[in-house]
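What follows is a single structure, written as structure tokens, with notes after it.
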Amino acid sequence: MKGSKGKDLHLTGINLRCSILIGFVLGAFACHQEVSDKPISGVPFGKITYDTFIINRDSTDTWGEECLSDFKRKDLIDNIFKEIYEGKVVPTDYFTGEKISRVQLNKMETDREFSRKNISKIRFEEQWFWDKEKSEINKQVLSMTIAYEVYDLSGKSRGQKPIFKLIFRKN
């Protein structure tokens, strides 16, 4: 019985982490491109930057598979690109900060500089706040960077390369 309770607690923790990951991604996408300086109320903790994989890169990683089992990766990616091509959000170059036009992005896709199926990681920049009245933490997504997997000639991963950054709010 002791092992069963431990497993149940472990699965509960996994489900919570999976839910949080999906909430981050959907919350980030739900934000408008309009840059806003309006902060969330509460005690600020500062900016946090972190990466999250949106695919399971290791087929033997059952925990990773479970965490992403309900995540609609392709739908998210297609929606992001749809919003860009409709002019609702404007991507910027991760390294230079220059805006990437819809024509430039389309050329990158057509020239096969990257493939949507290889998009594997999102980097979030967030501001975290403690709401004393509700005793809860609130997050404000500042930006998200979309990256794809890069492979060498033998098919081995060399890591990720950013395609673009979407800025939702100024820090």
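If you read the sequence shown in our numbering, its first letter stands for residue 48, the second for the next number, and so on.
C-beta: ideal position from N, C-alpha, C; glycine also.
Span of the beta strand (DSSP E) around residue i
{"i": "isoleucine 221", "result": "Since the first residue of the chain shown is 48 and the last is 218, residue 221 is not available in this structure."}
{"i": "isoleucine 193", "result": "183–198"}
{"i": "arginine 170", "result": "166–178"}
Whole-angstrom C-beta distance between residue j and residue i, which should lie under 8 Å
{"i": "lysine 222", "j": "isoleucine 214", "result": "The requested residue 222 does not occur in the structure, where the chain is confined to residues 48 to 218."}
{"i": "tryptophan 177", "j": "glycine 89", "result": "5 Å"}
{"i": "glutamate 145", "j": "valine 136", "result": "Incorrect: roughly 15 Å between the Cβ atoms, too far for contact."}
{"i": "proline 239", "j": "tyrosine 132", "result": "Residue 239 cannot be examined here, being either before or after the span of the chain that is shown, 48 to 218."}
Bounding residues of the alpha helix (DSSP H) (the contiguous stretch that carries residue i)
{"i": "arginine 205", "result": "Taken as a continuous stretch (DSSP letters only), arginine 205 belongs to no alpha helix (DSSP H), being part of the beta strand (DSSP E) at 204–214."}
{"i": "valine 150", "result": "149–157"}
{"i": "lysine 121", "result": "120–132"}
{"i": "glutamate 113", "result": "109–114"}
Among the options, nearest to residue i - alpha-carbon criterion
{"i": "valine 188", "options": "Thr157, Tyr195, Lys217", "result": "Lys217"}
{"i": "tyrosine 195", "options": "Asp122, Trp175, Thr157, Arg170", "result": "Arg170"}
{"i": "tyrosine 192", "options": "Asp108, Ile124, Asp117, Glu112", "result": "For the sequence presented, residue 192 should be read as threonine rather than tyrosine. Selected option, being the one with the closest Cα: Ile124."}
{"i": "leucine 152", "options": "Phe142, Asp105, Pro138, Val197", "result": "Pro138"}
{"i": "isoleucine 95", "options": "Lys181, Lys186, Thr143", "result": "Lys186"}
{"i": "threonine 99", "options": "Gly111, Thr107, Ser106", "result": "Gly111"}
{"i": "serine 116", "options": "Thr107, Asn103, Asp122", "result": "Asn103"}
{"i": "tyrosine 219", "options": "Trp175, Asp122, Phe118", "result": "Only positions 48 to 218 of the chain appear in the structure, and residue 219 is not among them; the question remains open."}
{"i": "serine 204", "options": "Ile87, Pro91, Asp105", "result": "Asp105"}
Cβ neighbour criterion (16 or more within 10 Å) applied to residue i
{"i": "phenylalanine 161", "result": "buried"}
{"i": "aspartate 199", "result": "exposed"}
{"i": "glutamate 173", "result": "buried"}
{"i": "valine 197", "result": "exposed"}
{"i": "phenylalanine 211", "result": "buried"}
{"i": "serine 148", "result": "exposed"}
{"i": "glycine 206", "result": "exposed"}
{"i": "isoleucine 127", "result": "buried"}
{"i": "serine 30", "result": "No answer is possible for residue 30: it lies beyond the span of the chain, which begins at 48 and ends at 218."}
{"i": "isoleucine 166", "result": "buried"}
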